[in-house]
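Peer 1: In the order they appear, the protein sequences are chains A and B.
Read in order, the letters of the first sequence are residues 1 to 201 in UniProt numbering.
Read in order, the letters of the second sequence are residues 1 to 201 in UniProt numbering.
For each residue, glycine too, the CB sits at the ideal point set by N, CA and C.
2 protein chains.
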Amino acid sequence: MSAAATTSQPRRPRSGNRRDEAARLAVLHAADDLLVEHGFGALTVEAIARRAGVAKQTIYRWWPSKVEILLDTLIEDSAKRIPVPADEPTAESVRGYLRGFARFLTRDPAGKVLLALLAEAQHDPDTARSLHERCLAPRRARERAMLTGATDAGEIAPTLGPDATMDALLGPIVYRALTGASIPRGLVDTLVDALLRPRAN
Amino acid sequence: MSAAATTSQPRRPRSGNRRDEAARLAVLHAADDLLVEHGFGALTVEAIARRAGVAKQTIYRWWPSKVEILLDTLIEDSAKRIPVPADEPTAESVRGYLRGFARFLTRDPAGKVLLALLAEAQHDPDTARSLHERCLAPRRARERAMLTGATDAGEIAPTLGPDATMDALLGPIVYRALTGASIPRGLVDTLVDALLRPRAN
DNA sequence: GGTGTGTCTAGACGGTGCGTCTCGACAAGG
DNA sequence: CCTTGTCGAGACGCACCGTCTAGACACACC
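#1: So, helix, strand or coil for E88/B, using DSSP?
#2: Which chain B residues sit within Cβ distance under 9 angstroms of F40/A?
#3: Just to confirm before moving on: does the CB-CB distance between L70/A and R134/A stay below 7 angstroms?
#4: Thinking V84/A and R142/A are a contact (beta carbons under 8 angstroms), I'd like their distance in whole angstroms, please.
#5: Taking the straight line between their C-alpha atoms, what separation do you get for D77/A and E68/A?
#6: Run the CB neighbour count on S2/B, radius 10 Å, all protein chains shown included, and call it buried at 16 or more, exposed below.
#7: Looking at L114/B and L74/B, is the spacing between their C-beta atoms short of 7 angstroms?
#8: If you measure from the beta carbon of P172/B to each beta carbon in chain A, is any gap under 7 angstroms?
#9: Within 10 angstroms of the Cβ of G53/A, are there 16 or more other Cβ atoms? Answer buried if so, exposed if not.
#10: If you measure between the beta carbons of F104/B and G96/B, is that distance less than 7 angstroms?
#11: What does the alpha-carbon distance come out to for the pair D108/A and A181/A?
#12: Compare the Cα-Cα distances from V94/A to each of A47/A, A22/A and G149/A and report the closest residue.
#13: Along chain B, which residues have their Cβ under 7 angstroms away from the Cβ of Y175/A?
#14: Do you know offhand how far F40/A's Cα is from D124/B's?
#15: Along chain A, in chain order, which residues have C-beta atoms closer than 8 angstroms to that of L136/B?
#16: What do you get for Q122/B, buried or exposed, if any count of 16 or more other CB atoms within 10 angstroms of its CB means buried?
#17: When we look at the beta-carbon of P64/B and count the other beta-carbons within 10 Å, is it buried (16 or more) or exposed?
#18: Helix, strand or coil: how does DSSP classify D108/A here?
#19: With H, G and I counted as helix, E and B as strand and the rest as coil, what does DSSP make of D124/A?
#20: Give every residue of the same chain whose Cβ lies closer than 8 angstroms to the Cβ of L117/A, excluding the five residues on either side of it in the sequence, and list them in chain order.
#21: Taking only beta-carbon positions, decide if N201/A is within less than 7 angstroms of chain B.
#22: Taking V27/A as the reference, which of R14/A, A168/A and W62/A has the closest Cα?
#23: Can a CB atom of chain B be found closer than 7 angstroms to the CB of T190/A?
#24: Would you please state the rounded distance, in angstroms, between the beta carbons of A102/B and V188/B? I believe it to be under 8 angstroms.
#25: In three-state DSSP terms, what is W62/B?
#26: Out of D152/B, T151/B, D163/B and D32/B, which has the shortest C-alpha to C-alpha gap to R139/B?
#27: Determine the contact status of T165/A and P158/A, defining contact as a CB-CB distance below 7 angstroms.
#28: Exposed or buried, L98/B, counting other C-beta atoms within 10 Å across all chains shown (16 or more means buried)?
#29: Please go through the same chain and pick out, in chain order, the residues whose beta-carbon is closer than 7 angstroms to the beta-carbon of I59/A, but skip the five residues on each side of it.
#30: Determine which residues of the stretch 139 to 160 of chain A have a Cβ less than 8 angstroms from any Cβ of chain B, and write them out in chain order.
#31: Does any residue of chain B bring its CB to less than 7 angstroms from the CB of R19/A?
#32: Identify whether E37/B lies in helix, strand or coil by the three-state DSSP scheme.
#33: For A164/B, would you say it is in contact with chain A, using Cβ-to-Cβ distances shorter than 7 angstroms as the test?
#34: Thinking just about the alpha-carbon of each residue, which of R185/B, R24/B and A145/B is nearest to the one in T90/B?
#35: State yes or no: is the C-beta of R176/A within less than 7 angstroms of the C-beta of D167/B?
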């Protein structure tokens, strides 16, 4: 979560040269840029090393795979660009969050990172585990808090539990992004209206 | 669509040996089995050739990539296992379709193929194009017909257009499958109730 | 029956990225 | 000073890529 955090807990060397922060940032940015410019297929460790002006071994010393590099950039970017609203437990803040999420996925380069990792998770179990533990689960915990807060405040009355409700809201957005479709404003509005304020029963 | 159809239109050789149907089926089944058993990461053309007992050249002669092999199996399997209801334009048939779709994605081995291709489409533009043209678009056309038929019959009254409605219904199912979550019956029911039978306005 | 024509298996080929390894240079701590 | 650890540079064997060649075989046509 902290800006200096990396994959594993920061090591505490007794002596020797410290980690080169410039190299770390160069790798992160190189991976990000290459993904956006040439796609995940062209994203190789050797290409990242070339682009970052860094030795391949330096990458392997700190990251077990290119996926973890992307995960580092994603965690930092998503925390900045689409924070989960925690202050105002209103239906409107949920709607705003979903709109921001939709724009993140379709417009923000960092959104491509999330889609790429979600995709790679289908191909590689390690990626799936890392993506959940380091990104999806923490975010989901905050989303749950957002929903239960708004429910307790009487702002919304979802039929489903918090997890299923969030998946019902996010699922269509993610699916449209995955299939390359745009996400019209009306879609988000309808989802919020239909799922968070159900007809009286 | 026909069982013998392959990637390109069936060639019309004037003479010479015809295509070996046994080899074609062996490749299809080998790809399917390898994907389910060892995941997409271990799915290589050479592995498929070994498993199918077929020369690599035979694969490259008929398929431009392993993705097209998977697409061939997916098109055949999905047509059999989750046909789009076309006869009875009722809300209940839509609900049944979604339930079948959910079970397909989570339980059926062929569902893994769809998830893998949806994932690969994020990494490779050619895969994205093929997946849309050969699988998603045709299915979507039938889904649209299903929705408009039910709407005309007065069975449902969706707020959104047919495309957005289908994405709103399928999105959560696909997203749960992508994240490895189960798809409870209540989720499908709530989606159908909330999106197809909106409160009067 | 001979001649083409196209598919099949088998395997070699150069190219590329993988992840590991070694090497020499360098910087900080003890 | 000397240990510890990182850095860049690059070689290594491995796996798979997609292409290519070679030879055997089956069918169509004449």
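Peer 2: On the basis of the coordinates in this document:
#1: Counting from one through the second sequence, the residue named residue 88/B turns up at place 88. Reduced to three states, the DSSP call for E88/B is coil.
#2: Position 40 of the first sequence, counting from 1, holds the residue named residue 40/A. Ordered by position in chain B, the residues that pass the 9 angstroms Cβ test against F40/A are Q122, H123 and D124.
#3: By one-based count along the first sequence, residue 70/A stands at place 70. By one-based count along the first sequence, residue 134/A stands at place 134. Going by C-beta atoms, L70/A is not nearer than 7 angstroms to R134/A.
#4: For the purposes of this step, residue 84/A is identified with residue 84 of the first sequence, where counting begins at 1. For the purposes of this step, residue 142/A is identified with residue 142 of the first sequence, where counting begins at 1. With a Cβ gap of about 4 angstroms, V84/A and R142/A count as contacting.
#5: Position 77 of the first sequence, counted from the start, is the residue given in the question as residue 77/A. Position 68 of the first sequence, counted from the start, is the residue given in the question as residue 68/A. Each residue's alpha carbon lies about 14 angstroms from the other.
#6: Taking the first residue of the second sequence as 1, we reach residue 2/B at position 2. A caution first: S2/B carries a pLDDT of 37, below 50, which makes its placement in the model too unreliable to give a value.
#7: Reading the second sequence from its first residue, position 74 is the one you call residue 74/B. Reading the second sequence from its first residue, position 114 is the one you call residue 114/B. In contact: L74/B and L114/B (Cβ atoms closer than 7 angstroms).
#8: Stepping through the second sequence from its first residue, residue 172/B is reached at position 172. Yes, its Cβ sits closer than 7 angstroms to a Cβ of chain A.
#9: Reading the first sequence from its first residue, position 53 is the one you call residue 53/A. Looking at its Cβ environment, which holds fewer than 16 other Cβ atoms inside 10 Å, G53/A is exposed.
#10: On the second sequence, position 104 is the one that residue 104/B refers to. On the second sequence, position 96 is the one that residue 96/B refers to. Their beta carbons are not under 7 angstroms apart, which means F104/B does not touch G96/B by this criterion.
#11: Position 108 of the first sequence, counting from 1, holds the residue named residue 108/A. Position 181 of the first sequence, counting from 1, holds the residue named residue 181/A. Their backbone Cα atoms lie some 15 angstroms apart in a straight line.
#12: By one-based count along the first sequence, residue 94/A stands at place 94. When each option's Cα is compared against that of V94/A, the closest is G149/A.
#13: For the purposes of this step, residue 175/A is identified with residue 175 of the first sequence, where counting begins at 1. Chain B residues near Y175/A: D167, L170, G171, V174 and Y175.
#14: The residue you call residue 40/A lines up with position 40 of the first sequence. The residue you call residue 124/B lines up with position 124 of the second sequence. The straight-line gap from Cα to Cα measures roughly 8 angstroms.
#15: By 1-based counting over the second sequence, the position of residue 136/B is 136. Ordered by position in chain A, the residues that pass the 8 angstroms Cβ test against L136/B are T179.
#16: In the second sequence, residue 122/B corresponds to position 122, counting from 1. Counting Cβ neighbours within 10 Å, Q122/B comes out buried, since at least 16 surround it.
#17: Taking the first residue of the second sequence as position 1, residue 64/B is located at position 64. Its Cβ having fewer than 16 others within 10 Å, P64/B is exposed.
#18: As a position in the first sequence, residue 108/A is number 108, starting the count at 1. D108/A: coil per DSSP, three-state reduction.
#19: Indexing the first sequence from 1 puts residue 124/A at position 124. The answer is coil: DSSP assigns D124/A none of H, G, I, E or B.
#20: Here the question's residue 117/A lines up with position 117 in the first sequence. Hits under 8 angstroms: V67, L70, L71, L74, T127, L131 and C135.
#21: The count along the first sequence starts at 1 and reaches residue 201/A at position 201. Because N201/A carries a pLDDT of 43, less than 50, the predicted location of this residue cannot be relied on, and no value is offered for it.
#22: Here residue 27/A refers to the residue found at position 27 when the first sequence is read from its first residue. Ranking the options by Cα distance to V27/A, first place goes to W62/A.
#23: Mapped onto the first sequence, residue 190/A falls at position 190. Yes, contact with chain B.
#24: As a position in the second sequence, residue 102/B is number 102, starting the count at 1. As a position in the second sequence, residue 188/B is number 188, starting the count at 1. Rounded, the Cβ-Cβ distance is 6 angstroms, consistent with contact.
#25: Here residue 62/B corresponds to residue number 62 of the second sequence, with the count starting at 1. Residue state, collapsed to three classes: helix.
#26: As a position in the second sequence, residue 139/B is number 139, starting the count at 1. It is D163/B whose Cα lies nearest to the Cα of R139/B.
#27: Position 165 of the first sequence, counted from the first residue, corresponds to residue 165/A. Position 158 of the first sequence, counted from the first residue, corresponds to residue 158/A. In this structure, P158/A lies closer than 7 angstroms to T165/A by Cβ.
#28: Here residue 98/B corresponds to residue number 98 of the second sequence, with the count starting at 1. So L98/B ends up on the buried side.
#29: For the purposes of this step, residue 59/A is taken as the residue at position 59 of the first sequence. These residues qualify, in order along the chain: V27, V45, I48 and A49.
#30: T159 and L160
#31: Start at 1 with the first residue of the first sequence, and residue 19/A comes out as number 19. No, R19/A does not count as interfacial toward chain B.
#32: On the second sequence, position 37 is the one that residue 37/B refers to. In the structure shown, E37/B sits in a helix (DSSP, three-state: H, G or I).
#33: In the second sequence, residue 164/B corresponds to position 164, counting from 1. Answer yes: the Cβ-Cβ gap between A164/B and chain A drops below 7 angstroms somewhere.
#34: To locate residue 90/B, count along the second sequence from 1; it is residue 90. Comparing Cα-Cα distances from T90/B to each of R185/B, R24/B and A145/B, the minimum goes to A145/B.
#35: As a position in the first sequence, residue 176/A is number 176, starting the count at 1. As a position in the second sequence, residue 167/B is number 167, starting the count at 1. In contact: R176/A and D167/B (Cβ atoms closer than 7 angstroms).
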